[in-house]
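**Student:** Dropping a structure here in structure tokens format, bear with me for questions.
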Amino acid sequence: KAGVTQTPRYLIKTRGQQVTLSCSPISGHRSVSWYQQTPGQGLQFLFEYFSETQRNKGNFPGRFSGRQFSNSRSEMNVSTLELGDSALYLCASSLESGANQPQHFGDGTRLSIL
Amino acid sequence: AQTVTQSQPEMSVQEAETVTLSCTYDTSESDYYLFWYKQPPSRQMILVIRQEAYKQQNATENRFSVNFQKAAKSFSLKISDSQLGDAAMYFCAYVNNFNKFYFGSGTKLNVKP
Chain Y
1041 KAGVTQTPRY LIKTRGQQVT LSCSPISGHR SVSWYQQTPG QGLQFLFEYF
1091 SETQRNKGNF PGRFSGRQFS NSRSEMNVST LELGDSALYL CASSLESGAN
1141 QPQHFGDGTR LSIL
Chain D
523 AQTVTQSQPE MSVQEAETVT LSCTYDTSES DYYLFWYKQP PSRQMILVIR
573 QEAYKQQNAT ENRFSVNFQK AAKSFSLKIS DSQLGDAAMY FCAYVNNFNK
623 FYFGSGTKLN VKP
């Protein structure tokens, strides 16, 4: 069974641009969550999608948005990029939505803002 | 708001020895889940062990076990018979019933041969 796949692995953008990151969950998993990992702030929850609906949202500005498609694949979009958005963005999937569901993480997308 | 604290930024252990990583959390909720994840240099987060708050029995997974003290809001991870492959960043995580994850800042574990 293939794991969680995130594309691209690395991305370089400049301030003011926008970016879209993609996440394909494990086959059969319906919940996808996104996290931002930085040396200063650590791992922070961005949002969770389940059945094409946003279930939860962390404390991030509206520049961070996402969506989920009918095949459970998810995309995350960041608009008007800032230097502080440089981070490793991790996606995780689980069978269902719920605190008791183990999350399976992808390898992440390393986003660098110049 | 929930906070998760890992007070040990870095720890070292000799191969085959036992090490304990600390984690405390702050919450007013009574029902939640706690996890330990490891992140090796390959950067993929891997679930190590999980604990349901309503269960008094400490979770164990092979060489990994936890000491869950609900009243003290403490959730430490014990790794027995440490192996070189255990070297990684370890993150403690709190998950509430709304499925929002809160992570600690991580503990880097070095394993010495």
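Top to bottom, those sequences are chains Y and D. Once you know that position 59 of the first sequence is 1099 in this note's numbering, the rest is easy, because the numbers rise by one and skip nothing. Once you know that position 8 of the second sequence is 530 in this note's numbering, the rest is easy, because the numbers rise by one and skip nothing. A virtual CB, placed ideally from N, CA and C, is assigned to each residue, including glycine. Model, not experiment: these values are computed from the prediction.
1) Residue 560 of chain D: which of D/545, D/580, D/629 and D/527 sits nearest, CA to CA?
2) Quick check: residue 1085 of chain Y and residue 557 of chain D, are their CB atoms within less than 9 Å of each other?
3) Any heavy atom of the ligand NAD closer than 8 Å to the beta-carbon of residue 1090 of chain Y?
4) Could you give the DSSP three-state label for residue 1106 of chain Y: helix, strand or coil?
5) Let me confirm a value: residue 601 of chain D is counted as buried when at least 16 other C-beta atoms fall within 10 Å, else exposed. Which label applies?
6) Return the CA-CA distance between residue 539 of chain D and residue 610 of chain D, expressed in angstroms with no decimal places.
7) Roughly how many angstroms separate the alpha carbons of residue 1115 of chain Y and residue 1045 of chain Y, rounded to a whole number?
8) Expressed to the nearest angstrom, what Euclidean distance is found between the alpha-carbon atoms of residue 578 of chain D and residue 1092 of chain Y?
9) Identify which residue in Y/1069, Y/1055, Y/1073 and Y/1145 has its Cα closest to the Cα of residue 1087 of chain Y.
10) Taking only beta-carbon positions, decide if residue 999 of chain Y is within less than 9 Å of chain D.
11) For the candidate residues Y/1067, Y/1125 and Y/1138, whose alpha-carbon lies nearest to that of residue 1053 of chain Y?
12) Shortest alpha-carbon distance to residue 1152 of chain Y belongs to which of Y/1139, Y/1080 and Y/1127?
13) Touch check for the segment 585 to 599 of chain D and the segment 1101 to 1113 of chain Y: three-plus C-beta pairs under 8 Å?
14) Would you kindly report the start and end of the unbroken beta strand (DSSP E) that includes residue 551 of chain D?
15) With 9 Å set as the bound, which would you pick, yes or no: does the beta-carbon of residue 1137 of chain Y sit closer than that to a beta-carbon of chain D?
16) So what does residue 533 of chain D bridge to, in DSSP terms?
17) Determine, using beta carbons only, whether residue 580 of chain D comes closer than 9 Å to chain Y.
18) If you measure between the beta carbons of residue 581 of chain D and residue 568 of chain D, is that distance less than 9 Å?
19) What ranges does the alpha helix (DSSP H) occupy inside the segment 1067 to 1115 of chain Y, keeping only unbroken runs of at least 4 residues that lie completely in it?
20) Does the distance from the CB of residue 1104 of chain Y to the CB of residue 1117 of chain Y come in under 9 Å?
21) Got a sec: is the Cβ-Cβ distance from residue 550 of chain D to anything in chain Y below 9 Å?
22) Less than 9 Å separating the beta-carbons of residue 606 of chain D and residue 562 of chain D?
23) Assuming residue 537 of chain D and residue 633 of chain D make a contact with CB atoms under 8 Å, what is their CB distance in whole Å?
24) According to DSSP, is residue 1123 of chain Y helix, strand or coil?
**Tutor:** Taking the structure as given:
1) Walking along the second sequence from the start, residue 560 of chain D turns up at place 38. Out of D/545, D/580, D/629 and D/527, D/629 has the C-alpha closest to the C-alpha of residue 560 of chain D.
2) As a first step, residue 1085 of chain Y must be located in the first sequence, where it is residue number 45. As a first step, residue 557 of chain D must be located in the second sequence, where it is residue number 35. In this structure, residue 557 of chain D does not lie closer than 9 Å to residue 1085 of chain Y by Cβ.
3) Absent from the structure shown: the ligand NAD. Ligands present: none.
4) Within the first sequence, the letter at position 66 stands for residue 1106 of chain Y. Reduced to three states, the DSSP call for residue 1106 of chain Y is strand.
5) One-based indexing of the second sequence puts residue 601 of chain D at position 79. That one is buried.
6) By 1-based counting over the second sequence, the position of residue 539 of chain D is 17. By 1-based counting over the second sequence, the position of residue 610 of chain D is 88. Going by the C-alpha atoms only, they are around 16 Å apart.
7) Indexing the first sequence from 1 puts residue 1115 of chain Y at position 75. Indexing the first sequence from 1 puts residue 1045 of chain Y at position 5. Roughly 12 Å separates the two Cα atoms.
8) As a working mapping, residue 578 of chain D is identified with position 56 in the second sequence. As a working mapping, residue 1092 of chain Y is identified with position 52 in the first sequence. Each residue's Cα considered, the two are about 36 Å apart.
9) For this step, residue 1087 of chain Y is matched to residue 47 along the first sequence. If we check each option's Cα against that of residue 1087 of chain Y, Y/1073 comes out closest.
10) With chain Y represented from 1041 up to 1154, any question about residue 999 of chain Y goes unanswered, as that position is not in the structure.
11) By one-based count along the first sequence, residue 1053 of chain Y stands at place 13. Ranking Y/1067, Y/1125 and Y/1138 by Cα distance to residue 1053 of chain Y puts Y/1125 first.
12) For the purposes of this step, residue 1152 of chain Y is taken as the residue at position 112 of the first sequence. For the residues Y/1139, Y/1080 and Y/1127, the minimum Cα distance to residue 1152 of chain Y belongs to Y/1127.
13) no
14) Start at 1 with the first residue of the second sequence, and residue 551 of chain D comes out as number 29. It is not in any beta strand (DSSP E) - residue 551 of chain D carries neither H nor E in the DSSP assignment.
15) Start at 1 with the first residue of the first sequence, and residue 1137 of chain Y comes out as number 97. Closer than 9 Å to some Cβ of chain D, the Cβ of residue 1137 of chain Y qualifies, so yes.
16) In the second sequence, residue 533 of chain D corresponds to position 11, counting from 1. Residue 533 of chain D pairs with D/631.
17) As a first step, residue 580 of chain D is located in the second sequence; it is residue number 58 there, counting from the start. No, because no Cβ of chain Y sits closer than 9 Å to the Cβ of residue 580 of chain D.
18) Taking the first residue of the second sequence as 1, we reach residue 581 of chain D at position 59. Taking the first residue of the second sequence as 1, we reach residue 568 of chain D at position 46. It is not a contact, given that the beta carbons lie outside the stated cut-off.
19) none
20) Translated into the one-based positions of the first sequence, residue 1104 of chain Y becomes position 64. Translated into the one-based positions of the first sequence, residue 1117 of chain Y becomes position 77. Going by C-beta atoms, residue 1104 of chain Y is nearer than 9 Å to residue 1117 of chain Y.
21) Position 28 of the second sequence, counting from 1, holds the residue named residue 550 of chain D. Not closer than 9 Å to any Cβ of chain Y, the Cβ of residue 550 of chain D fails to qualify, so no.
22) Residue mapping note: residue 606 of chain D aligns to position 84 of the second sequence, counting from 1. Residue mapping note: residue 562 of chain D aligns to position 40 of the second sequence, counting from 1. No; because the gap between Cβ atoms is not below 9 Å, this pair is not in contact.
23) Here residue 537 of chain D corresponds to residue number 15 of the second sequence, with the count starting at 1. Here residue 633 of chain D corresponds to residue number 111 of the second sequence, with the count starting at 1. With 8 Å as the limit, residue 537 of chain D and residue 633 of chain D qualify as a contact, their Cβ atoms being about 6 Å apart.
24) Counted from its first residue, the first sequence places residue 1123 of chain Y at position 83. The three-state reading of DSSP puts residue 1123 of chain Y in helix, counting H, G and I together.
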